[in-house]
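Protein chains in written order, with my numbering: chain A, 1 to 144; chain B, 1 to 134. Cβ coordinates follow ideal geometry from the N, Cα and C atoms, glycine included. A quick write-up on the structure given underneath.
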């Protein structure tokens, strides 16, 4: 099982390191960690779902540009959420930056895993699971 | 990498601005308002509404110091805030000081991921269009 997780380590390990930094330096503000983790998790899950269905022969074509576009779209959705559903006191610019940084790390981490061919379906499955776990972690730290 | 850097800088700016140190202010304080957030007492939002329509978010120490109806005055990047006849020595919040560390680590992580992305094996055709602008 751990051998199966190895392909997603470049995505997960840097993100966990940054999450640990948030917890260490800004532990009393765990809403910051929550927004970061939620931004990372939601974006990673979206990337896994979107790119799993791309045909093998077209996968590598302009993959960076497509990952960039989807990541920016996720950031835009996050901005909308912060302005509406999570607009409790006001649109918090720091929360938006933290969740967007999470999204960026998800995009970069996803890209760092890609080689010259489309990965096996297990890669996308594990990236999706990692994203969902991070999203739940984010929700926990942001809300409680 | 560009997006990550811009977001990190923006994050630090917004956190720093709540100390009022980077801001220039010369206006009467019309009203103060506290808006509770998800964690009362921890992430509450402290707002100052100034004459002229500007509303700024500040750290709690500033919020507690200033009084409605007083003239607030400070220069950009000055660490002294005058509120009427009183003066408050400003300092960057603990949030900002610690955010510096976290943002530095985040930029470092983004840089490492960019290097990994550039070095990862791709076809020559795709490599020409794959520049990590994230």
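Excluding sequence positions up to five away, which residues of its chain have a Cβ less than 7 Å from the Cβ of residue i?
i            : result
residue 14/A : 105, 109
residue 31/B : 49, 68
residue 79/A : 96
residue 37/B : 43, 44, 45
Assign residue i to buried or exposed, taking buried as 16 or more other Cβ atoms, counted over all protein chains shown, within 10 Å of its Cβ.
i             : result
residue 28/B  : exposed
residue 141/A : buried
residue 84/A  : exposed
residue 54/B  : exposed
residue 60/B  : exposed
residue 20/A  : exposed
residue 124/A : buried
Short of 6 Å in beta carbon distance, which residues of its chain neighbour residue i, apart from the five on each side in sequence? Order them along the chain.
i            : result
residue 25/B : 72, 74
residue 95/B : 15
residue 87/B : 80
Can you check whether the C-beta of residue i is within less than 8 Å of a C-beta belonging to chain A?
i             : result
residue 38/B  : yes
residue 11/B  : yes
residue 123/B : Bear in mind that the predicted position of residue 123/B carries a pLDDT of just 45, short of 50, making it unreliable; the figure below should be weighed with that in mind. So, interface residue.
residue 24/B  : no
residue 101/B : yes
residue 135/B : Nothing can be reported for residue 135/B, as the shown portion of chain B is limited to 1 through 134.
residue 87/B  : no
residue 54/B  : no
residue 50/B  : no
residue 42/B  : yes
residue 62/B  : no
residue 59/B  : no
residue 19/B  : no
residue 30/B  : no
Which same chain residues, not among the five before or five after residue i, have their C-beta less than 8 Å away from its C-beta?
i             : result
residue 126/A : 4, 5, 7, 8
residue 165/A : Any question about residue 165/A goes unanswered here, given that chain A covers just 1 to 144.
residue 116/A : 60
Strictly under 8 Å for the Cβ-Cβ distance: is residue i near chain B by that measure?
i             : result
residue 120/A : no
residue 69/A  : no
residue 98/A  : yes
residue 88/A  : yes
residue 93/A  : yes
residue 14/A  : yes
residue 28/A  : yes
For residue i, which residues does DSSP report across the bridge?
i            : result
residue 34/B : 46/B
residue 28/B : 71/B
residue 88/B : 81/B
residue 55/B : 49/B
For my contact list, residue i and residue j are in at a C-beta cut-off of 8 Å; report their separation, rounded to the angstrom.
i             : j             : result
residue 39/A  : residue 101/A : 7 Å
residue 23/B  : residue 33/B  : Their Cβ separation, rounded to whole angstroms, is 18 Å, which puts residue 23/B and residue 33/B out of contact at 8 Å.
residue 182/A : residue 134/A : Outside the modelled stretch of chain A, which goes from 1 to 144, sits residue 182/A, for which no answer is possible.
Any heavy atom of the ligand MG closer than 7 Å to the Cβ of residue i?
i            : result
residue 95/A : For the structure depicted, the ligand MG is absent and the ligand set is empty, with no information on it obtainable.
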